[in-house]
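Residue numbers (the UniProt record's numbering): 1 to 557.
Let me begin by presenting the structure, written as structure tokens, before commenting on it.
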């Protein structure tokens, strides 16, 4: 039954690509074994469950952002404001995910709240004019926190226009000429390594429950998944349900202390405070305000987010069995990610949006890379952001359960980053130096900046914020270090992995239907000047038969 289902919904090009790979004189096969590839459409009932799993995977990281910002925004004790902020973040994330999966890179990438924006946001809110006033009778007036929120809105919306400019002009595409596997490996791996603290913090609420979650994910995805399709497709959901249920039993039996975040009844008041239906809208907190300090400070977060996203595009392509993204896809992804951040600023989510590494890792665990699944997950985000009480239920997931999930997924991100090194000659001491120093620098500098936030003092507040946030971002420091060393230190393209990397990219350009735009691609290919638009795909060199076949595939997908 399982084999029949898989054959029915497999990518039609798999057979031909498999034949091409046989006997080909190429580096090690870079495609991961996936059940459903990017253009595959699982049965509707399966797609709904898988889409909901993607929603649950991004829930933990997204829900953390409003709680982190609650203190600086002066709404730590205002549960109503927090619930409305949560709804806004999920609505914007759903819209951004639909935009990215339909028109952006068209890879199965989930967009959600980004931690890159938190540093500059807190720095802005720490300015004297936005600091929390003294509470009156234990309550801070609404207008106080909305003033700071409007400043954050303006800073995010305006600074994100830089990302829009970078994407639509193709500057990122030019930069990609200097990026090879020695740059991509530490950039992606440091995304996972930088999150080890969050995983440990969540898991430490109850190590036993966290360990159970890890054990279940490993058992379901790596052992039972080889025999039973249900475990291969839903290891994360099943692990969460089992650990959540056990936490509920221990809570009912009085095994946890009152106030412990391992309890399943820790945040029950959220259910009473959340509204049944509330639709977030642009300008809901008032008209955004714009000041130079806020915009320049937020630019550091925008830059760090772009670096992370580029690494995520390659990681997602690898785990999805898709060719590496061509330049126009990267440009378009950055361009539309910038548009989504502008929308986030206008809606007032208090944050931007970026690609989610944990959802990319979930593809590696579930072996499901269908674009349709991600789009359904985005619809869940939008619907549940409006149904406030239903979404509030998932805030009750105990922290150690989320910590165990992060433990597995973030570790897989590190492994995916390291897998890019298969193209590199690791017997070359030059490459070992670039790799080791980049990793170490990407951990040491941000750690020191975090411990010494006042160390950077140029006398210009805006410049201090930009430098501080940039040097405090692991993947930015490690990625930039690797890129500089890899392009400055002498070394052959073959040993650096550039030759094999470029050959892989060349094959992607020739077979880039995954990244073509549906329905309008045939018209773009008939317009020769489209080749000069950096973020639009142009395939005028394809034969008529090949074009028609790929147009049909796009419309089916």
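Just so you know, even glycine gets a beta-carbon here, dropped at the ideal spot from N, CA and C.
Candidates the options: which alpha carbon is nearest residue i's?
{"i": "residue 377", "options": "336, 112, 209 and 247", "result": "112"}
{"i": "residue 308", "options": "480, 239 and 287", "result": "480"}
{"i": "residue 89", "options": "332, 179, 207 and 69", "result": "69"}
{"i": "residue 59", "options": "431, 393 and 436", "result": "393"}
{"i": "residue 274", "options": "390, 442 and 343", "result": "390"}
{"i": "residue 444", "options": "464, 493, 471 and 460", "result": "471"}
{"i": "residue 157", "options": "258, 340, 214 and 39", "result": "340"}
{"i": "residue 421", "options": "454, 213 and 188", "result": "188"}
{"i": "residue 560", "options": "211, 342, 261 and 110", "result": "Nothing in the structure corresponds to residue 560, since the chain is present only between 1 and 557."}
{"i": "residue 350", "options": "98, 78, 125 and 44", "result": "125"}
{"i": "residue 267", "options": "82, 348 and 482", "result": "82"}
{"i": "residue 356", "options": "38, 94 and 181", "result": "94"}
{"i": "residue 532", "options": "277, 170 and 72", "result": "170"}
{"i": "residue 57", "options": "240, 463, 529 and 466", "result": "240"}
{"i": "residue 127", "options": "224, 34, 297 and 212", "result": "297"}
{"i": "residue 104", "options": "329, 262 and 148", "result": "329"}
{"i": "residue 454", "options": "260, 517, 468 and 462", "result": "468"}
{"i": "residue 305", "options": "365, 452, 159 and 40", "result": "159"}
{"i": "residue 52", "options": "456, 362 and 462", "result": "362"}
With distances taken between CB atoms, is the gap from residue i to residue j smaller than 8 Å?
{"i": "residue 438", "j": "residue 485", "result": "yes"}
{"i": "residue 232", "j": "residue 221", "result": "yes"}
{"i": "residue 205", "j": "residue 400", "result": "yes"}
{"i": "residue 316", "j": "residue 108", "result": "yes"}
{"i": "residue 423", "j": "residue 500", "result": "yes"}
{"i": "residue 186", "j": "residue 417", "result": "yes"}
{"i": "residue 154", "j": "residue 353", "result": "no"}
{"i": "residue 335", "j": "residue 168", "result": "yes"}
{"i": "residue 55", "j": "residue 535", "result": "no"}
{"i": "residue 478", "j": "residue 428", "result": "no"}
{"i": "residue 373", "j": "residue 50", "result": "yes"}
{"i": "residue 279", "j": "residue 383", "result": "no"}
{"i": "residue 203", "j": "residue 210", "result": "yes"}
{"i": "residue 360", "j": "residue 319", "result": "yes"}
{"i": "residue 404", "j": "residue 213", "result": "yes"}
{"i": "residue 413", "j": "residue 191", "result": "yes"}
{"i": "residue 643", "j": "residue 346", "result": "As displayed, the chain neither begins before 1 nor continues past 557, which places residue 643 out of reach and without an answer."}
{"i": "residue 133", "j": "residue 263", "result": "no"}
{"i": "residue 616", "j": "residue 252", "result": "This structure cannot speak to residue 616, because the chain is shown only from 1 to 557."}
{"i": "residue 442", "j": "residue 180", "result": "no"}
Following the continuous beta strand (DSSP E) through residue i, name the residue where it begins and the one where it ends.
{"i": "residue 322", "result": "Element bounds for residue 322: n/a, residue is neither H nor E."}
{"i": "residue 113", "result": "111-113"}
Over the uninterrupted alpha helix (DSSP H) stretch that includes residue i, give me the two end residues.
{"i": "residue 348", "result": "Element bounds for residue 348: n/a, residue is neither H nor E."}
{"i": "residue 496", "result": "493-496"}
{"i": "residue 100", "result": "79-102"}
{"i": "residue 236", "result": "235-252"}
{"i": "residue 285", "result": "Looking at the DSSP string, residue 285 is not in any alpha helix (DSSP H), and its letter there is neither H nor E."}
{"i": "residue 191", "result": "181-193"}
{"i": "residue 380", "result": "371-386"}
{"i": "residue 486", "result": "474-488"}
{"i": "residue 272", "result": "269-273"}
{"i": "residue 201", "result": "196-203"}
{"i": "residue 216", "result": "207-218"}
{"i": "residue 523", "result": "521-525"}
What's the call for residue i, buried or exposed, on a 16-neighbour Cβ count within 10 Å?
{"i": "residue 337", "result": "buried"}
{"i": "residue 558", "result": "Any property of residue 558 remains undetermined from this structure, which presents the chain solely from 1 to 557."}
{"i": "residue 62", "result": "buried"}
{"i": "residue 539", "result": "buried"}
{"i": "residue 303", "result": "buried"}
{"i": "residue 520", "result": "exposed"}
{"i": "residue 300", "result": "buried"}
{"i": "residue 74", "result": "buried"}
{"i": "residue 460", "result": "exposed"}
{"i": "residue 21", "result": "Any reading at residue 21 is ruled out, since the residue's pLDDT is 38, under 50, leaving its predicted position unreliable."}
{"i": "residue 281", "result": "exposed"}
{"i": "residue 285", "result": "buried"}
{"i": "residue 36", "result": "buried"}
{"i": "residue 269", "result": "exposed"}
{"i": "residue 474", "result": "buried"}
{"i": "residue 151", "result": "buried"}
{"i": "residue 419", "result": "buried"}
{"i": "residue 182", "result": "buried"}
{"i": "residue 313", "result": "buried"}
{"i": "residue 80", "result": "exposed"}
{"i": "residue 106", "result": "buried"}
{"i": "residue 131", "result": "exposed"}
{"i": "residue 201", "result": "exposed"}
Legend entry - Within the segment 411-466, ranges of the alpha helix (DSSP H) (whole runs, at least 4 residues): If only complete runs of 4 or more residues are kept, the segment 411-466 shows the alpha helix (DSSP H) at 429-451, in order along the chain.
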